[in-house]
Amino acid sequence: MECISNRFAVLEPSNLIETSETELPKFLQSLVENYNEFSADGILAEIPRLRRFLKAAKVPKEESLGWTSLRFLEFVVEYELFDPVPNLTLALRFFLTCCII
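If you read the sequence shown in UniProt numbering, its first letter stands for residue 1, the second for the next number, and so on.
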């Protein structure tokens, strides 16, 4: 399970919410090296977009830092953000699927 967590480290709440845009690529490298379905540029562009959506929805930063990957996906579904964050949506779905296989 640790290997999967390392590959999907970019999806950790602290990285989605707080990590600077200059440091995000190091958390993304393993994911795009192992899964060619993901676009590094796409995910890097979508993380700031997700942050703006969270802010617009008035989700407190402290609350979102405690969210699970499932809760982030539920947020995407709740606000119908499939088009604005398609790569993140796919990555979250992959991660959650890997965890139950």
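Glycine included, every Cβ here is placed at the ideal spot set by N, Cα and C.
Between L88 and E23, the C-beta gap is not smaller than 9 Å, which leaves the two residues out of contact. Distance from the Cα of P84 is smallest, within the candidate group K26, V10, G42, for G42.
The C-alpha of R51 is placed about 13 Å away from the C-alpha of W67. Setting aside the 5 residues that flank it on each side, I4 is surrounded in the same chain by C98, each with a C-beta closer than 6 Å to its C-beta; the list follows chain order. Take E37, set aside five residues on each side of it, and the residues of its chain with a beta-carbon closer than 8 Å to its own are L90, F94, in chain order. Collapsing the DSSP output to three states places P84 in coil. Using a Cβ distance threshold of 9 Å, S69 and L92 count as a contacting pair.
Here the C-alpha atom of F8 lies approximately 23 Å from the C-alpha atom of V59. Residues R51, L54, K61, S64, L65 of the same chain have their beta carbon placed closer than 8 Å to that of I17, with the five preceding and five following residues left out of the count.
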